[in-house]
Structures are given as structure tokens and as C-alpha cells.
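Below is one structure; the comments refer to it alone.
Residue numbers (my numbering): 159 to 610.
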């Protein structure tokens, strides 16, 4: 992350970190509410989210269940913001140089590869095998939320590491969804979408910053992705991928460079002050309005569209999109009920085991390997035991895991998968919290002894 500070003295990373962690409690409440609701009245829970909502405006006609509107619509906005975060990190953040990016990238690769290997080792067959992508995901809100519970004891370097790791992990999840969790495609729709993405890319290269252009074409691209399956909306290349691709086209360069911002504001203020004023004036003169407009333009354009949108959407994502997603998707049934189906199964155990052990082994070992090969540098004062604690927090899959599970499984196996996600995420979260609590204190003691 950059060290640029806002007016409150907080770096962009600190504001991003606090924004993510502030929404984790609401996400947890929505999750508990969904579980209770699904077990008290499962039929009503399922019936409500599968009710149809139709939007019919002229040539535009779209009929989907509330569940699909949330997973294909609201989550497309979530992935759009994820795309903005990924782009920002690669341009000016912790992933902007190989030296900065190598450790979290290696750790994220390990945290994706090892869980997938462990999942396949269970020898699942048929539809059960298609959930291999579930344990590779990390929930950035919950993992950072638990890390925040440890307070100021957590070094900034470890917060940045886990954040960057989760962002790379999100990129991996996006690629997996795009490549492996789509149905048969109608290529005409995707070709048109590709042409529109090229148009937005050209607009970006020319630094055209009219957000109406990106919004209108972005919605059309989302609709084309949504309709890209031969079996109807949501059956082709998943619409959330459109959110990420459109995010990559959003301009990251400001119209007013930071070096020219203060001189321009200072010049505008001097012009405003030099204009003769009358004590009887109620409204500003044309000259005063012109000076104000110039300053207002500088204030608006010193922040790039990418940063502006990301700043505007973070609260909406953490306080609305993710809690609504949890409410609609986290309703796991904890008893067999009238159907007598399995609640826990080998699928549940495979997912839970792979989340917990796959993540901690993959993240810790690949981090150690990157340092050992001198590709990356381990943060000073941090032990490998603390990295193991972060690896366990990476095993909190939840939001992303449930999302991939909803693409991979039908209703019966999906419930078993959710239970595995719940168990694995809870064990990983608790184990990570207590291991970090112990290891961070030990790291402090070691540092203090060396300073004496």
C-alpha cells in the first residue's frame, strides 16, 4: 500500500482495513440469522429466495429468482470492487513490485494448491468431486475481522500480508470460476461483450473519465455474460466475471496530478480572494463562481475514478451486499428432517479438512519456501508460528467458499458442503486466533530480550 494519508491521518490501507473489518460483525449476524431461519422454517426460507423477480423494460426482459439476483447481480458488484482492489494493488499497492508481491503471491498460491490436492485425496466421485474449488477460497472480511480482534499487537506488516494474500486469493477464485464453473456457452453474447470491453479499454487508455460511459457499457456487459449460457440466465460464464473485467478498465490515473493539486487550489483561493466583494451581496458573482468551480474541479479530479468508486462502494459492500448474500446463502440445515438425507458426509469432512490443514500448510510452507529461495523477505520480528496463525485465518473460506459451492453443487450436496465450510471456517478461525495470540506475544518477548 502507499503511505499517502487522508485528512484524518489514516493511510489508504488503514481505511480499507477498518472498512473491511467493520462489516465482519454484520456479516456474522446475517449468517446466524440465516442458519436459525433455515432450521426453524426451511420451506419458507427456500421458497422466499426462489421466488421470481421480473424486470421488463422495452426490449430488456429478465426473470430470475431472488437468489439469482443476489448471486449474479449483487455479487457482480462485489466482484467489481474486488477487481478494483486487485488493479490498485498491482498498480500502486503491495503487489506493485516483485519484491513487495512475492511473499503474499507465493503464500496465496500455496493456499490454493495444497487445499485442492488434499480435497482430491479423499477420492470423491461424480458431482461430489466438482467442489474442489471450495477450500481454495479465503474470506477477507472474516479473516481480517478476527485479526483485528488481536488489536495493536498485530504488526502492520502482517496485516498487509494477509490483506494482499486474500486479494491474490480472490483473483485465483475468479479465474477458477471463469474456467471451471460455467456451462455451455453462446459465443455471440461473449464476442459482443469482448468488443465492449475493448471499447472501455480504449477509453481507459485515453483517460476518458466519464463514469456514465463505464456504467452503461458495464451493465450491458454484465447482461451479456448473464445471458451467455444456452440454458438461460446464469448458466454460462458467470456474470460476476463481468464485474472483475469491467473493473480492470476503470481509469486509475487522476485528471489533476497530486503535484499540481495544491498549487491549483492555492491559485483558486487567491483568485477568489482578489475579486471585489460587496457587503450587500447575497449570492456569488460570476467571477467568484468561476474560481469556486476551478477549485471544485481540482478536488474532484485529484482522485482517480478507480479510487473514487472503490471508496464509495466499500461501505455498500461490507454493510449490505455481503450480509444479504450470507442471509440468502448461509441457511444450512443442521438436521436430516423429513427427507432423511445426510447432514454430514465425506464431502463435508473433505471441505473442512482441506480448508483448515490445506490453507495452513500451503500458506506457511510456500512462504517459507519463498524466503528460503531468497525470492521474498520475511517481515522482521515475525516468527513462522505467526505465519502459521495467518495461514489458519486463511482457512476461513465462508463467503467465497459458499459462492463456489453454490456453483458446484445441487441442493442436497450443497447443504453438506455448507456444513463443511462452516466447520472448517470455525475451526480455522478459532485456531488461528489463539495461535496468533500466543505467537505474537512470544514474538514481542523475543524482540524485547534482543533490545536489552
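Glycine residues also receive a C-beta, built at the ideal position from the N, C-alpha and C atoms.
Quantities reported herein were computed from a predicted structural model and do not represent experimental measurements.
With respect to residue 488, residue 259 sits apart: the two C-beta atoms are not nearer than 9 Å.
Taking 4 residues as the shortest admissible run, the region 537-562 contains the following complete alpha helix (DSSP H) segments, listed from N- to C-terminal end: 542-551. In the displayed model, residue 183 falls within a helix according to three-state DSSP. Our two residues, residue 293 and residue 527, have alpha carbons roughly 22 Å apart in a direct line. Here residue 562 is not near residue 257, since their CB atoms are 9 Å or more apart. By the CB criterion at 9 Å, residue 358 and residue 348 fall outside the cutoff. Three or more Cβ pairs closer than 8 Å define a contact, and the region 564-573 falls short of that threshold against the region 533-551. Within a 10 Å sphere around the beta-carbon of residue 246 sit 16 or more other beta-carbons, which makes this residue buried. The closest CA to that of residue 366, considering only 333, 549, 423, 462, is found on 462. Between the C-alpha atoms of residue 447 and residue 456 there is a straight-line separation of about 14 Å. Within the region 468-508, the runs of alpha helix (DSSP H) that reach at least 4 residues and sit entirely inside it are, in chain order, 480-487. The beta-carbon separation of residue 491 and residue 197, rounded to 6 Å, stays under the 8 Å limit for a contact.
Taking the CA atoms as reference points, residue 234 sits about 7 Å from residue 399. Here residue 531 is exposed: its Cβ has fewer than 16 other Cβ atoms, across all protein chains shown, within 10 Å. Taking the C-beta atoms as reference points, residue 253 is found nearer than 9 Å to residue 322. Here DSSP, grouped into helix, strand and coil, assigns residue 597 to helix. Counted as a single uninterrupted DSSP element, the beta strand (DSSP E) harbouring residue 222 occupies residues 218-223.
Burial is judged here by how many other beta carbons sit within 10 angstroms of a residue's own beta carbon; residue 330 has at least 16 and is buried.
The region 281-293 and the region 505-512 touch, with no fewer than 3 CB-CB distances between them shorter than 8 Å.
Annotation for residue 514: no beta strand (DSSP E) segment contains it, and DSSP assigns it neither H nor E. Burial state of residue 576 is buried, judged by a 10 Å Cβ sphere holding 16 or more other Cβ atoms.
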